[in-house]
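Participant: One structure coming up, written as structure tokens, with questions to follow.
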Amino acid sequence: MNQLDTLLLISLITALISGLGRRHQLIGWATAILLTVQFLALLSISSLGYGGTVIESAVNLTILGQPLSWRFDGLSWFFALITIGAAMASSFFAAGIWAKKYKKHGGNPGLLQFAMSLNVFTMLVLLASGDLLSLFIGWELVSWASLLLMVLAGGIATQWGLRYIVYATAGAMSILAGIGIIYHLTGSFAYADLAAAASTFSTTHVVVLSLLFIAGFGVKMGLLPFHLWQAGAYAETPGPGSAFLGAISSRMGLYAMLIVVFQLIGLGKMIAVEIPFTFLSLRDLLMWVAAFTIIFPTYTALRQNDARYLLAWHGIGQGGYMMMGLLLLDPVGSAGGLLHVFNYATNQAALFLAITAVVYRTHTADLNRLGGLVNRMPLTFLVLLVGIIGLAGIPPMNGFVSKWLIYRSLIIEGMPLLFVATVIGTLGTILSVYKLIHNTFLGQLRLEHEHIREVPWSMLAPMLVVATIIFITGFMPGLVLDWVASAQAALGFTPLAYTLGGVETARGSLDMIWLCGVLFGGFGVGALLFYGGGNKAKRVHQLDNYAGGHFLTADTRYHYSNNFYAGLMHHIGGWYRGTFKWLESSLISIVSLLSGLTQILFHSYHPALFLLITATLSLYFFIG
Amino acid sequence: MQVTLLTIMEVILMPIVAFIIGLFMVLMMRKLAARLQRRVGPPLFQPLFDIVKLYGKQTQISHGMIHDIGIIMAVGGYVAAEALLPVPGMDGIAAKGGLITLAYLTMVPSLGLALGVGQCANPNGSIGISRALTSMLAYDIPFIIVIFGVAYQFSSTNLVDIIATQQAGGFSTWGISEMPVLAVAGLFAMHASLGKQPFEIYIAPAEIATGPMVEMGGKFLGGLFVMQSFQLYTASVLYVSLFLGGGENWITFLLKSFGVLAIPVVIAYLFPRYRTDDLVRLVWKWPVMLALIGIAFVMN
Amino acid sequence: MNNIAFTVALPLLAAFLLPIISNSSKSAARFIGPFVLLAMLGFSLAYFNMLEHPVAIALGGFRPPLGITFHLDNLSLLMASIIPLIMLVLWPYANIEGYREESLLLLLAGSASGLALSGDLFNIYVFYELLSVASFGLAAANRTGAAFAATFRYLVMSGLGTVLALTGIGLIYTQTGTLNLAHIGLLASQLNNPAGLSAFALIVIGIGVKAEIFPVNGWVPEVYSTASPRISALLAGLISKLAVLVIVRLLVVAYQGPEALTLLLVLGMLGIIWGELSAWRSKDLKRMLSFSSIGQLGMVLVAFSIPGEAGMVAGIAMMLHHLVVKPGLFMLTEHWNGSLNKLAGAAKSSPLAAVLFMLFALSLIGVPPFPGFWAKLLLVTGLVEANTPLYLTALAVLLSATVIEAHYLMHTAIRMYSKGKKKQVKKLHQTPFTLTIISVFAVVLITALITMAPLGNKLQHIAAESSDRALYINTTFAARHTPVRKQISLIKQQSKVQ
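The listed protein sequences correspond, in order, to chains A, B and C.
Read left to right, the first sequence gives residues 1 to 624 (the numbering used here).
Read left to right, the second sequence gives residues 1001 to 1300 (the numbering used here).
Read left to right, the third sequence gives residues 2001 to 2498 (the numbering used here).
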């Protein structure tokens, strides 16, 4: 019973307690506090985040002759930190007043807490897996636990959940096939055996295995073309749940992919594999997949009119950055990819919580029905602002640092087109997050929202904490880069040489402390100029403005979200073809057609005929 | 400690210098426009007078906190950006940020402005911002390709290094002679980024009542005026640093900066404006194509 | 030592006596069935415990290959213990009036035991016929028009199948001159020709009618959706497995060549495709479950088609898993019949039943750590180990089918958890009696989950034993004269070389 076992045990106990006591009034707080205890237990093994050695679990099982083991290394610790952190924020958010309202509207907050703590437990089991078999078990546990969270809301959410689970099962089966092949090749499920045998694999095996695993793990990451399930499934989850899912759930795919594909099979081999008739290696192909995973979902997000969907689509796109960074394989790029996991999780948690707060007050996340809330909910606005700046990757928030590392690495490696692709994604993000903040907090305040107030402190506090983390880790990225370097070391990458303020290299450094200092100094100058000079500004009612000769009244609704970027859509609108949806639906049609055909057999009036035909055919098979 | 103190001094000085040069750039722009339209043009201190006048207005209309903060961010973002842009004798914190950081830092003022305009709840303003952000998406793509090309060519993202390399090798190592195609594309992108004709659809006084500026009066507009002078300065100095070897001394520095800026300004007053979608198409077609060709040269 | 024969004789006797006893004392008739089943269980468990190595028992004093032989090894005794167990669970305790069903069930139990234990083809054929008769009666026990029509369909197919199987058995007899399985095993080389293989094909297809093998399973959806859930559970869970067992025995002793395995593999694959696709489209729970059962049996067949011990262990695991899960699922249709759309709100009306459905469904899909996962894992590793294009195709089919399976099962689950109309929801209430029966299966499943490690070892032991051809032959001919022994040692060497 070492510290890792303690952590897993506490996590299991959390899930059990919140599951059994899900009808109790105080279960929300209990779960949140237990999650905090988990966090402390995780901190007790924080040496892993600072280059400590692997901790093996004392639990060992042998089933059907196959040993199962669990362990934690720097990478697991890093992901576990994000997992538990995201769960804590969501759980505290959901524990207080939010739960009361949720219950009043027919929800079961205890069940939500249970689902979240169960997800945390299964994720920790996955992160702790020490061989392929325990990895697969953990993987499936995570998949099904997140289904529980997704379908909680009922109604349309269940349809998305169903779609998710079909994709997830397909992914799991692909992984299972891969694991089976590895078992055939190496004769065991152990990581060490795979790593040792990987060098002897033929090119065909490398390609088949990589594709199977990347497709399988990619499903959860929402890698193109397996992304269609994700936005709806995350968006329709009850608020805090979607913050948790959005922050970390997809990253489990990345974690597993890192372990199996990057570390064990070895990406080095993929560079060696040339795809026939192209100039691309297998790695290049994957990088382009990552690039399109950035671009398409981001520009789909741009067209969403529901805040939750908009954010969820961005979640898919941001996954592409992580993948891109890690595929660069150099210290800078891989650090960027891993750092983005953390940064993105904080951003997405803040954003989803802020939107949930808006929904809490206004009962809608429809961007066409919101607007002008900044004076009513200024702190929520602040959180959302911090979140979108981070998500868009603009200084001084943390999202900028990880993206900077990825850009820098792309320049070092000399990949102009991929660089442009990532920047196109970032620009799309900027456009779409502006639309988000403009249509919720800026612009015209609707009459029915005239009297709403800021959300209560039980909800504000977790949001503000997350926002603070976004800022602090942007100001001093070195705090997180410590853990990132350990994770890199655990993966076998050369760790990044970092400073507290960022990165210092010979030809291109980043020092966020200085940068933030200067930026806020600049804002100070701006404020001095603004407030110091001229008369004091007079506040006027928002409708007191110039509209080209018209008088605006509260009845005239001119605040809009649909086709917000008309000029852009005029040009690229035609490029949204729904190709992936078409692919998906044609697949369904094929299955439907086939199943129609198969049923004919069972509807036949002369089933005995089949018996005779089969008998004849099989006799022919043996005799003929 | 000495270094830090010096850096802080530079960081304070650089925006001031930039502001002064920027004011003259505004003056030059207006003078050039006047000459092209056969007018006399404003006197020497007109830009400064304008700012003072705007700040001195009796009624200052604010639509709320974010409206104010938007202006602060618009000015403050540029003030910070100037510290990343080396001028002769002063590097500021250019080595701690670099090219990519600068490119993203210059988005902060735009975002601030966008937020500020957003709170005004004026449909014209929102339309203007939507158009402005769209054109940002348009011109940033060639711009970023150019940045990639330069950074790759000089294998550095540090502007100090880039300038030093160019100055050490003389004209033949200047960006413009090493990468002429990229230089053309860069000029194109820079022009679009200034939001001058023919790329000023988001202001469009006739249809959306000057778009983002519609609710801006008094010191709000004054802030934007300050921002504009910074913007002109940043664009031209960045271009000079990337392609024209930066400033060896103050004289060449000023000559180059004003010279570069003159090109888009002249073009601006000779051409009418484009619609947003036309702008996207135009910018994505020519500069992007040019920039990609340029990259191809650089990569080989 | 011959007590084991009671497991066959007792229920058969009871089945014939039941009508007579019922005339004199109804209450005695009610108790006789469970009592006999308990006795059966006692006998087979006693043997199960005593068994150290496989034993062959010659009934009636004739030595093999002449007499009636019972082959007792772990596999046959396991099946023989499961038969009374599952019958006890599914016994119609609530039925007070008639004795017909009880009598038929006892007949079924007796013949099923015989089928599991028999060591020669002729007895197998006889017990199989008895089993068929009993199952026809049970399938029609509802006495509705639809049930009769379905049973007629079943009867026609089964009858034809029996004819085919008998032809196959005849062919084997002409080739080898014996019907004793062990003896056939000794003479297996004489069956490795078109005639011998044709015999195998005919038996597979003939017996396959009961084993729900594609495409001779046209009766399955009709019968399962019209018969009472208990009977469907019994047929799908138990009887199909016994039919598979016969094929497996034949496979082990005589047909280890690639041709026979290929036939099974192809039929299994087609069964998976056909079953799962049809289940995907079906509109009511009973039909869905019957189609899914066809698919599952296809997987079992695919598993057994993997050569060697790997196939045996995967096959037995799949078989046992399905044997526990499917009856549980079928019992749910007791009150949840009709269109799937009408299931809305089922979870509200019987939350426990919905949870149990989820449990069975997850295990069926193969979600770890449920037992279904381990069975599927064995199957996957087995298929990859076999490593020919056809086996890898089967792997692809299996995995894709799992996705389809997950879709329709979860679709149903989501329907259950969605909101329903109040009137409708009331009808969906599961009685405590049914719930208890279902819970028994669930408890078995969960116990298996908890004791997975020792269970896995036991399973591997059983598989090793039952896939050992030489052992099977040796068991029967242990005391025979030298020439046979020589042959045995020859076979042992051969299998070692393999």
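Don't be surprised by glycine CBs; every beta carbon is placed ideally from N, CA and C.
Can the beta-carbon of residue 2369 of chain C be found closer than 7 angstroms to that of residue 2363 of chain C?
Facilitator: It is not a contact, given that the beta carbons lie outside the stated cut-off.
Participant: Are the segment 104-115 of chain A and the segment 51-62 of chain A touching, with three or more C-beta to C-beta distances below 8 angstroms?
Facilitator: The segment 104-115 of chain A vs the segment 51-62 of chain A: no contact.
Participant: Is residue 37 of chain A near residue 87 of chain A, with beta carbons less than 7 angstroms apart?
Facilitator: No, the pair does not count as a contact, with Cβ atoms beyond the cut-off.
Participant: Could you pull out every unbroken alpha helix (DSSP H) segment of at least 4 residues lying fully inside the segment 214-302 of chain A, listed in chain order?
Facilitator: With a minimum length of 4 residues, the continuous alpha helix (DSSP H) runs that stay inside the segment 214-302 of chain A are 230-235, 239-244, 251-257, 268-272, 282-302.
Participant: Please determine if the segment 1285-1299 of chain B and the segment 1141-1148 of chain B are in contact, where contact requires at least 3 C-beta pairs separated by less than 8 angstroms.
Facilitator: Yes, the segment 1285-1299 of chain B is in contact with the segment 1141-1148 of chain B.
Participant: Considering only the alpha carbon of each residue, which of C:2043, C:2214, C:2270, C:2202 lies closest to residue 2161 of chain C?
Facilitator: Minimum Cα distance to residue 2161 of chain C is reached at C:2202.
Participant: Would you report the Cα separation of residue 619 of chain A and residue 2170 of chain C, rounded to the nearest angstrom?
Facilitator: The straight-line gap from Cα to Cα measures roughly 15 angstroms.
Participant: Residue 2415 of chain C and residue 2343 of chain C: beta carbons closer than 7 angstroms?
Facilitator: Yes; because the gap between Cβ atoms is below 7 angstroms, this pair is in contact.
Participant: Does residue 364 of chain A come out as helix, strand or coil in the three-state DSSP assignment?
Facilitator: Residue state, collapsed to three classes: coil.
Participant: Could you tell me whether the Cβ of residue 2402 of chain C comes closer than 7 angstroms to any Cβ of chain A?
Facilitator: Yes, residue 2402 of chain C lies at the interface with chain A (some Cβ there is under 7 angstroms from its Cβ).
Participant: What did DSSP end up calling residue 103 of chain A once you bin it into helix, strand or coil?
Facilitator: Residue 103 of chain A: helix per DSSP, three-state reduction.
Participant: Is residue 1035 of chain B close to chain A? Criterion is C-beta to C-beta, closer than 7 angstroms.
Facilitator: Cβ-Cβ to chain A under 7 angstroms: no for residue 1035 of chain B.
Participant: Under 9 angstroms, CB to CB, which of the residues in the segment 2307-2320 of chain C have a partner in chain A?
Facilitator: Cβ contacts with chain A come from 2313, 2317.
Participant: Less than 7 angstroms separating the beta-carbons of residue 393 of chain A and residue 387 of chain A?
Facilitator: No, Cβ-Cβ distance for residue 393 of chain A and residue 387 of chain A is not below 7 angstroms.
Participant: Report all residues from its chain with a CB closer than 6 angstroms to the CB of residue 1043 of chain B; omit the five preceding and five following residues, and keep chain order.
Facilitator: Excluding positions up to five away in sequence, the list is empty.
Participant: Do the segment 190-207 of chain A and the segment 270-288 of chain A make contact, defined as three or more Cβ pairs closer than 8 angstroms?
Facilitator: At 8 angstroms Cβ cutoff, the stretches touch.
Participant: How would you label residue 445 of chain A, buried or exposed, when you count the other beta carbons within 10 angstroms and need 16 or more for buried?
Facilitator: With 16 or more Cβ atoms within 10 Å of its Cβ, residue 445 of chain A is classed as buried.
Participant: Inspect the CB distances between the segment 1051-1067 of chain B and the segment 1259-1269 of chain B and report whether three or more fall short of 8 angstroms.
Facilitator: At 8 angstroms Cβ cutoff, the stretches do not touch.
Participant: Out of A:40, A:483, A:164, state which residue places its alpha-carbon closest to the alpha-carbon of residue 342 of chain A.
Facilitator: For residue 342 of chain A, the nearest C-alpha among the options comes from A:483.
Participant: Cα-Cα, which of A:74, A:521, A:250 is closest to residue 145 of chain A?
Facilitator: Here the closest residue by C-alpha is A:250.
Participant: Closer than 8 angstroms by beta-carbon distance: list the chain C residues that pair up with residue 256 of chain A, in chain order.
Facilitator: In chain order: nothing, as chain C lies at least about 14 angstroms away.
Participant: Specify the secondary structure class of residue 1061 of chain B as computed by DSSP and reduced to three states.
Facilitator: In this structure, residue 1061 of chain B counts as strand in the three-state DSSP scheme.
Participant: So, does the CB of residue 595 of chain A fall closer than 7 angstroms to a CB anywhere in chain C?
Facilitator: Yes, residue 595 of chain A counts as interfacial toward chain C.
Participant: What does DSSP give as the partner residue(s) for residue 612 of chain A in the beta ladder?
Facilitator: Note: residue 612 of chain A sits in no beta bridge, so no partner.
Participant: Can you tell me whether residue 336 of chain A sits near the ligand MG, meaning its C-beta is under 6 angstroms from at least one heavy atom of the ligand?
Facilitator: The ligand MG is not among the ligands present in this structure, which contains no ligands whatsoever.
Participant: With 7 angstroms as the threshold, decide whether the Cβ of residue 45 of chain A is near any Cβ in chain C.
Facilitator: No, no contact with chain C.
Participant: Please classify residue 2144 of chain C: is it buried, with 16 or more other beta-carbons within 10 angstroms of its beta-carbon, or exposed?
Facilitator: So residue 2144 of chain C counts as exposed.
Participant: Would residue 103 of chain A be called buried (16 or more neighbouring beta carbons within 10 Å of its own) or exposed?
Facilitator: Exposed: under 16 other Cβ atoms inside 10 Å.
Participant: Tell me the rounded alpha-carbon separation between residue 1244 of chain B and residue 1176 of chain B.
Facilitator: Near 6 angstroms, if we compare the C-alpha coordinates of residue 1176 of chain B and residue 1244 of chain B.
Participant: Among C:2248, C:2284, C:2353, C:2340, which has the Cα closest to the Cα of residue 2466 of chain C?
Facilitator: Considering only alpha carbons, the answer is C:2248.
Participant: Taking residue 2068 of chain C as part of the alpha helix (DSSP H), name the residues at either end of that continuous run.
Facilitator: No alpha helix (DSSP H) holds residue 2068 of chain C; the beta strand (DSSP E) holding it covers 2068-2072.
Participant: Does the Cβ of residue 82 of chain A have 16 or more other Cβ atoms within 10 Å, making it buried, or fewer, making it exposed?
Facilitator: Buried, because 16 or more other Cβ atoms sit within 10 Å of the Cβ of residue 82 of chain A.
Participant: State the Cα-Cα distance for the pair residue 78 of chain A and residue 177 of chain A, rounded to the nearest angstrom.
Facilitator: Their Cα atoms are separated by approximately 29 angstroms.
Participant: Under DSSP, the beta strand (DSSP E) around residue 66 of chain A begins and ends at which residues?
Facilitator: Element bounds for residue 66 of chain A: 66-72.
Participant: Closest to residue 383 of chain A by CA distance: which of A:402, A:406, A:358, A:139 is it?
Facilitator: For the residues A:402, A:406, A:358, A:139, the minimum Cα distance to residue 383 of chain A belongs to A:358.
Participant: With 16 as the cutoff for other CB atoms within 10 Å, does residue 1250 of chain B come out buried or exposed?
Facilitator: When all chains shown are included, residue 1250 of chain B counts as exposed.
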